[in-house]
Amino acid sequence: VNLNENEEQLLLKMSKYHRKNISKTSKIKNLEFKILNYKKPNNEIKIRFNEFKKYHKISTGRITRPKKTWDIMLKKIYDNEAELFFLSLNNKAISYLYCAKYFNFSWGWSQVNLKEYEYMSPRHYLEWNAMKYYKNNNHNFYEIGERYFEQNKFRPTAKEISISEFKEKYGSDKYPKVILRIEF
2 VNLNENEEQL
12 LLKMSKYHRK
22 NISKTSKIKN
32 LEFKILNYKK
42 PNNEIKIRFN
52 EFKKYHKIST
62 GRITRPKKTW
72 DIMLKKIYDN
82 EAELFFLSLN
92 NKAISYLYCA
102 KYFNFSWGWS
112 QVNLKEYEYM
122 SPRHYLEWNA
132 MKYYKNNNHN
142 FYEIGERYFE
152 QNKFRPTAKE
162 ISISEFKEKY
172 GSDKYPKVIL
182 RIEF
């Protein structure tokens, strides 16, 4: 997504479905968008990050990635290379979005909602606010991610297809990704 466009243009490029859910969620009383970054006390970062990990396990019923990956993600927050955004309802975190950044480029890396709050569509609102945060902090681009399609030699998982269809509705420009394999 080109964050150099104004907010109205960014919203207009989104699907009607995303705009509707962002608007609906924005009207929920006592819902707060919060940012956890390197400026916060280390103990607060660690507590929230551990809750983010716990929510992933609750959501999927299993550990979703190796401990080493979680350690790297946490270190990136301390090193000012990532932020952990979350929505809090009545002082309870209900949705987390981890985003990394490099120069003026940012991207969503991992997201989770507490299942009992998914009816509110917190993901839409959370990612939109993360995009606005990066726009207001002089980032030029927010990477939405790859759009997966089933192909002859590549079969993405149902989860990969679902996530990419969801993210495509944020209205980003589309660019081809070319992979060249050379065998020796």
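Heads up, the sequence shown is in this note's numbering, so the first residue is 2 and it goes up one at a time.
We treat Cβ as the ideally placed atom computed from N, Cα and C, and that holds for glycine.
How many Å lie between residue i and residue j at the Cα?
{"i": "LYS68", "j": "ILE48", "result": "16 Å"}
{"i": "GLU169", "j": "CYS100", "result": "17 Å"}
{"i": "PHE150", "j": "ILE180", "result": "15 Å"}
{"i": "PRO42", "j": "SER163", "result": "36 Å"}
{"i": "TYR18", "j": "SER27", "result": "14 Å"}
{"i": "ASN44", "j": "PHE34", "result": "20 Å"}
{"i": "GLN152", "j": "GLU184", "result": "21 Å"}
{"i": "THR65", "j": "GLU52", "result": "14 Å"}
Taking Cβ positions, are residue i and residue j nearer each other than 8 Å?
{"i": "TYR103", "j": "LEU85", "result": "no"}
{"i": "ILE78", "j": "PHE50", "result": "yes"}
{"i": "SER122", "j": "ARG148", "result": "no"}
{"i": "PHE142", "j": "ASN105", "result": "yes"}
{"i": "LEU90", "j": "LEU32", "result": "yes"}
{"i": "ILE95", "j": "TYR126", "result": "no"}
{"i": "VAL2", "j": "LEU11", "result": "yes"}
{"i": "GLY172", "j": "SER16", "result": "yes"}
Classify residue i: buried if its beta carbon has 16 or more other beta carbons within 10 angstroms, exposed otherwise.
{"i": "ASN92", "result": "exposed"}
{"i": "LYS25", "result": "exposed"}
{"i": "TYR135", "result": "buried"}
{"i": "LYS54", "result": "buried"}
Per DSSP, residue i forms a beta bridge with which residues?
{"i": "PHE86", "result": "ILE36 and LEU98"}
{"i": "TYR143", "result": "SER107"}
{"i": "VAL113", "result": "TYR97"}
{"i": "ASN3", "result": "PHE142"}
Segment contact, 8 Å Cβ cut-off, at least three pairs: the region 66-76 with the region 122-133: no
Cβ contact check for the region 101-119 and the region 156-163: 3 or more pairs under 8 Å: no
Inter-stretch contact at 8 Å, needing at least 3 Cβ pairs: the region 51-65 / the region 2-21: no
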